[in-house]
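Heads up, the sequence shown is in the numbering used here, so the first residue is 2 and it goes up one at a time.
Glycine is no exception: its CB is placed at the ideal position from the N, C-alpha and C atoms.
Since the model is a prediction, treat every value here as computed from it, not as a measurement.
Input: a single structure, listed below in structure tokens.
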Amino acid sequence: MALKSIQETAIRACRLLFRDVVFTMRGGLAKGLKRRFGLGFKPKFGLTKEEKFLLGLDFRGKTIYDIGGYIGIYTLFFSRAAGENGKVVAFEPMPENFGELSFNIGINGIKNATALNLAVGREKSRVKMVVPSYTSRGSLDTGVQEKIRCTCNAMEIIVEVDSIDSLTKG
């Protein structure tokens with residue numbers, strides 16, 4: 002338990018110290034684009050199989066839905082890949098992540114991406130999301146929520162949910 006507490010404290014300290022540091026990504030799908038410091042700052046070596054797969058697809062002129070946009074790394078990639086005739090709609094229900102997602106879209110001057118502070122579901126509703134206190138990831142799945150509650154300090158937030166069908170009508 003003490004190690005978990007030290008880890009949580011270190012993560013909180015890093016968030017405070019480096020919150021406003023902006024850097025240009027040197028690798029990955031969003032190479033060359035800017036983002037604000039986050040816990041995903043650590044360098045990666047090479048692309049994953051999934052990233053290589055995405056690089057092989059033609060997104061030009063397409064509408065792309067980034068569900069669970071987190072802080073926008075894939076949103077930035079999809080924006081560039083879709084080009085000026087395409088568009089990206091990124092859904093991110095967690096307020097802190099949504100703020101970073103919006104910031105990262107703005108700092109790159111991206112015009113073809115929209116961020117929505119929503120979760121995607123079957124119908125419009127408000128639901129409880131359980132989030133570990135020291136990370137910016139959570140879950141709407143009740144089984145996962147129970148695991149989060151058992152393994153760490155957790156908090157609950159209420160998030161808005163809507164369906165893609167509802168959002169794309171008319």
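For this session: Examine the Cβ distances between the segment 154-162 and the segment 47-54 and report whether three or more of them are shorter than 8 Å.
Result: no
Problem set entry | Identity of the residues DSSP links to Ser126 by a beta bridge | Val162
Exercise. Would you say the segment 67-78 touches the segment 95-105, given that touching needs at least three Cβ pairs under 8 Å?
Worked result: yes
Problem set entry | Candidates Ala114, Glu147, Gly28, of which the one nearest Lys129 by Cα | Glu147
For this session: Using three-state DSSP, classify Thr152 as helix, strand or coil.
Result: helix
Problem set entry | Residue burial classification, Leu18 (beta-carbon count within 10 angstroms, cutoff 16) | exposed
For this session: Please check the pair Asn113 and Glu85, which I expect to be a contact at CB under 8 Å, by giving their CB distance rounded to whole angstroms.
Result: 6 Å
Problem set entry | Separation of Asp67 from Leu141, as counted between CA atoms | 17 Å
For this session: Please say whether Ala91 and Ala120 have beta carbons closer to each other than 7 Å?
Result: no
Exercise. Which residues bound the alpha helix (DSSP H) around Tyr75?
Worked result: 74-83
For this session: Determine the extent of the alpha helix (DSSP H) in which Lys50 is found, giving its start and end residues.
Result: 50-56
Exercise. Any idea if Phe99 is buried or exposed, counting beta-carbon neighbours within 10 angstroms, 16 or more meaning buried?
Worked result: buried
For this session: Look at the alpha carbon of Glu124 and the alpha carbon of Gly29, and state the distance between them as a whole number of angstroms.
Result: 34 Å
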